[in-house]
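There are 2 protein chains.
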Amino acid sequence: MSTLENAASVLRLFTADRLELTVTDVARALGLPKSSVSRLLKAMRDSGLLTNVAGTPRYRVGTLLFEIAQLHQQNSPLMDLAEAELRAICQDTRHTGYISILDGTDVLVLRMHPGREALRVVTPLGSRAAAFATANGRALLARLGNDKVRSLHPNPLRPPSANAPADMTSLLDRLAQARRVGWCEAINEAIPDVHSIAVAVEDAANAETFAFCLSFPDSKISQVESRSIVRALTDAARRIAEKVGDRYWQSLPAELAA
Amino acid sequence: MSTLENAASVLRLFTADRLELTVTDVARALGLPKSSVSRLLKAMRDSGLLTNVAGTPRYRVGTLLFEIAQLHQQNSPLMDLAEAELRAICQDTRHTGYISILDGTDVLVLRMHPGREALRVVTPLGSRAAAFATANGRALLARLGNDKVRSLHPNPLRPPSANAPADMTSLLDRLAQARRVGWCEAINEAIPDVHSIAVAVEDAANAETFAFCLSFPDSKISQVESRSIVRALTDAARRIAEKVGDRYWQSLPAELAA
DNA sequence: ACCACGGTTCGAATAAATGGAACAGGTCGC
DNA sequence: GCGACCTGTTCCATTTATTCGAACCGTGGT
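Top line first, the protein sequences correspond to chains L and B.
Each residue of the first sequence is one higher than the last, beginning at 376 in the numbering used here.
Each residue of the second sequence is one higher than the last, beginning at 376 in the numbering used here.
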């Protein structure tokens with residue numbers, strides 16, 4: 376396999392509980408000869424992708440990746456708008472907010488605004504979840520056509536819980552509903568007792584789409600509060616859509632969102 | 376050159392005002408034939424390092440890097456401690472706080488806690504600056520031996536302003552002073568009218584060292600306030616040092632820090 | 001229709017990656 | 001102190017991926 380693929384595989388080996396890797400770690404995990412791995416890691420270090428801890432033969436992720444990733448999430452007008460709106464809603468409601476993007480069939484958490492409640496819902500930055508079983512995920516999928524959604528999911532859905540869509544038909548039903556009202560919710564799907572309400576906005580000019588949601592313990596929130604959260608999110612999305620020229624929200628009558 | 380080096384070079388081409396790259400962009404910038412670049416970018420996309428914007432032939436940084444970079448800065452006990460302390464100080468003083476590491480001769484901003492003042496000091500996450508001319512940088516350099524500092528800087532220093540150390544001798548003087556008192560300040564060095572006060576903490580077990588600082592407009596802060604900031608930072612560093620077993624702060628008498 | 005421009009494909013020459021074996025350094029247990 | 005063992009590195013002939021120029025395709029402009 377090419378050096379590049381191997382390098383990417385090495386990067387993927389780093390996980391939250393594996394922040395350092397050794398030559399044998401990688402060799403075992405990837406089934407490559409030690410000699411190749413030794414050279415590969417050294418090459419990755421020399422090119423800045425990795426660093427090795429001072430005296431030790433352990434490798435960590437290099438600062439280059441941190442810098443690049445940082446650039447990647449900055450300077451996006453849409454992100455700035457979404458963050459500002461979400462921050463305001465989070466401060467107002469004291470709940471936790473997330474901004475996510477679609478990456479294949481997963482949602483990837485790009486930003487988090489921790490709530491001030493005692494019980495916080497914590498999905499760490501950079502973590503993934505199946506898009507079809509999350510509020511943010513379905514808000515994003517609803518922006519795609521049904522055909523696209525189907526082709527994204529060639530295999531049968533594997534719902535993480537009973538509340539998640541069990542198959543493609545019920546997923547498309549929920550997406551259709553999301554398209555009608557503009558927002559989307561998930562109750563006790565991926566995580567028990569977690570209720571999330573999400574909206575999605577798109578900046579066609581930059582080919583960027585984000586979903587943002589509010590997450591809170593389902594048991595603590597009344598119907599009325601939930602309604603006001605929907606209102607806050609859809610209003611925010613509408614303001615953003617206005618600024619970036621997202622036609623999607625223009626076609627949604629305000630009364631349906633309430 | 377090897378594929379890996381070329382890939383790293385491509386990643387380095389992404390800057391804050393260059394979030395998308397095309398084949399010819401890269402070919403021109405790196406002086407490589409278009410065909411090679413075309414293959415390289417495609418390979419990088421296939422391995423997850425890059426993504427190309429839907430219909431267009433433009434490439435962006437892939438989500439893999441974001442995930443990896445996110446891991447990289449999480450789960451560090453020292454970072455958690457430093458962040459908690461700095462957050463408290465920032466809320467207290469309403470100024471901006473930064474956490475940085477040393478990367479070669481540069482400091483790299485890992486975390487930022489924006490202040491609540493009207494005039495905020497903004498150095499974006501992931502940005503670099505010459506270590507010798509910043510408070511955080513010198514706090515980190517002070518942890519190194521003079522020999523190490525000298526060998527890091529083979530070339531004459533290029534101070535960004537008159538207040539920065541002009542040569543190695545005056546840099547070492549300031550480092551020596553930092554080692555005596557435990558903290559470090561930079562007044563109008565890298566950025567005009569910006570005053571920063573920094574301390575550094577090290578977790579030897581994990582081979583991690585961070586500096587954190589408070590930055591504020593120099594003109595707005597009295598001698599007395601500055602003193603109390605020094606106190607807050609050194610107290611915080613001492614608490615962290617206690618927890619992670621950083622011997623450095625044990626040898627510093629508390630009265631010298633005041 | 002033509003041209004200019006950006007991207008891709010092709011194929012032979014080249015340079016780089018590969019992996020087994022041998023080597024080096026360290027630690028552990030006896 | 002010694003050997004067994006584990007880790008990482010170096011070496012080298014072999015393999016194979018990568019390279020680069022040139023030809024090829026689409027598109028957008030005039």
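Note that the Cβ used here is the ideal one computed from N, Cα and C, for glycine as well.
Being a predicted model, the structure only gives us computed values, none of them experimental.
Supposed close pair residue i, residue j - CB separation, criterion 8 angstroms
{"i": "residue 501 (chain L)", "j": "residue 442 (chain B)", "result": "5 angstroms"}
{"i": "residue 541 (chain B)", "j": "residue 535 (chain B)", "result": "Actually they do not touch by this definition, with Cβ atoms about 11 angstroms apart."}
{"i": "residue 510 (chain L)", "j": "residue 588 (chain L)", "result": "5 angstroms"}
{"i": "residue 504 (chain B)", "j": "residue 565 (chain B)", "result": "5 angstroms"}
{"i": "residue 382 (chain L)", "j": "residue 405 (chain L)", "result": "At roughly 11 angstroms, the Cβ-Cβ gap does not stay under 8 angstroms, so residue 382 (chain L) and residue 405 (chain L) are not in contact."}
{"i": "residue 525 (chain B)", "j": "residue 623 (chain B)", "result": "No, residue 525 (chain B) and residue 623 (chain B) are not in contact; Cβ-Cβ is about 20 angstroms, not under 8 angstroms."}
{"i": "residue 412 (chain B)", "j": "residue 401 (chain B)", "result": "5 angstroms"}
{"i": "residue 585 (chain B)", "j": "residue 474 (chain B)", "result": "5 angstroms"}
{"i": "residue 550 (chain L)", "j": "residue 527 (chain L)", "result": "12 angstroms between Cβ atoms; not a contact."}
{"i": "residue 444 (chain L)", "j": "residue 391 (chain B)", "result": "At roughly 13 angstroms, the Cβ-Cβ gap does not stay under 8 angstroms, so residue 444 (chain L) and residue 391 (chain B) are not in contact."}
C-beta neighbour in chain L for residue i, strict 8 angstroms
{"i": "residue 405 (chain B)", "result": "no"}
{"i": "residue 413 (chain B)", "result": "no"}
{"i": "residue 478 (chain B)", "result": "yes"}
{"i": "residue 483 (chain B)", "result": "yes"}
{"i": "residue 380 (chain B)", "result": "yes"}
{"i": "residue 487 (chain B)", "result": "no"}
{"i": "residue 520 (chain B)", "result": "no"}
{"i": "residue 377 (chain B)", "result": "yes"}
{"i": "residue 424 (chain B)", "result": "yes"}
{"i": "residue 391 (chain B)", "result": "yes"}
{"i": "residue 394 (chain B)", "result": "yes"}
{"i": "residue 383 (chain B)", "result": "yes"}
{"i": "residue 620 (chain B)", "result": "no"}
{"i": "residue 418 (chain B)", "result": "yes"}
Cβ-Cβ distance between residue i and residue j below 8 angstroms
{"i": "residue 469 (chain L)", "j": "residue 491 (chain L)", "result": "yes"}
{"i": "residue 447 (chain L)", "j": "residue 440 (chain B)", "result": "yes"}
{"i": "residue 453 (chain L)", "j": "residue 619 (chain L)", "result": "yes"}
{"i": "residue 435 (chain B)", "j": "residue 407 (chain B)", "result": "no"}
{"i": "residue 388 (chain L)", "j": "residue 396 (chain L)", "result": "yes"}
{"i": "residue 539 (chain L)", "j": "residue 514 (chain L)", "result": "no"}
{"i": "residue 545 (chain B)", "j": "residue 560 (chain B)", "result": "no"}
{"i": "residue 612 (chain B)", "j": "residue 556 (chain B)", "result": "no"}
{"i": "residue 506 (chain B)", "j": "residue 471 (chain B)", "result": "no"}
{"i": "residue 594 (chain L)", "j": "residue 568 (chain L)", "result": "yes"}
{"i": "residue 478 (chain L)", "j": "residue 438 (chain B)", "result": "yes"}
{"i": "residue 482 (chain L)", "j": "residue 520 (chain L)", "result": "no"}
{"i": "residue 433 (chain L)", "j": "residue 458 (chain L)", "result": "no"}
{"i": "residue 605 (chain B)", "j": "residue 558 (chain B)", "result": "yes"}
{"i": "residue 410 (chain B)", "j": "residue 581 (chain B)", "result": "no"}
{"i": "residue 615 (chain L)", "j": "residue 424 (chain L)", "result": "no"}
Contact with chain B by residue i, beta-carbon distance below 8 angstroms
{"i": "residue 492 (chain L)", "result": "no"}
{"i": "residue 617 (chain L)", "result": "no"}
{"i": "residue 472 (chain L)", "result": "no"}
{"i": "residue 501 (chain L)", "result": "yes"}
{"i": "residue 633 (chain L)", "result": "Confidence is the limiting factor: at residue 633 (chain L) the pLDDT is only 45, short of 50, which leaves the residue's position unreliable, though a coordinate-based value still follows. For residue 633 (chain L), the answer is no, since every Cβ of chain B falls outside 8 angstroms of its Cβ."}
{"i": "residue 623 (chain L)", "result": "no"}
{"i": "residue 386 (chain L)", "result": "yes"}
{"i": "residue 589 (chain L)", "result": "no"}
{"i": "residue 463 (chain L)", "result": "no"}
{"i": "residue 559 (chain L)", "result": "no"}
Any non-hydrogen atom of the ligand ATP closer than 7 angstroms to residue i Cβ
{"i": "residue 536 (chain L)", "result": "Of ligands this structure carries none, so the ligand ATP is not represented either."}
Inset, instruction - Write down every uninterrupted run of the beta strand (DSSP E) in the region 395-474 of chain L whose length is 3 residues or greater and which is fully enclosed by it, in chain order. - result: If we require 3 residues or more, the beta strand (DSSP E) runs fully inside the region 395-474 of chain L come out as 425-427 and 434-436.
Legend entry - Residues within the region 428-460 of chain L neighbouring chain B, beta-carbon criterion of under 9 angstroms: Contact residues of the region 428-460 of chain L toward chain B are 428, 429, 430, 431, 433, 435, 436, 437, 438, 439, 440, 441, 442, 443, 444, 445, 446, 447, 448, 449, 450 and 451 (C-beta to C-beta distance below 9 angstroms).
Inset, instruction - Could you name each continuous beta strand (DSSP E) segment of 3 residues or more that falls completely within the region 529-615 of chain L, going from the start of the chain to the end? - result: As far as the region 529-615 of chain L is concerned, its whole beta strand (DSSP E) runs of at least 3 residues are 558-562, 569-578 and 583-592.
Inset, instruction - With 7 angstroms as the C-beta to C-beta threshold (strictly closer), list the residues of the region 562-585 of chain L near chain B in chain order. - result: Those residues of the region 562-585 of chain L that come within reach of chain B (Cβ to Cβ, closer than 7 angstroms) are 582.
Inset, instruction - Taking a Cβ distance cut-off of 9 angstroms, strictly less, list which residues of the region 503-536 of chain B are near chain L, in chain order. - result: Under the 9 angstroms Cβ criterion, the region 503-536 of chain B contributes 503.
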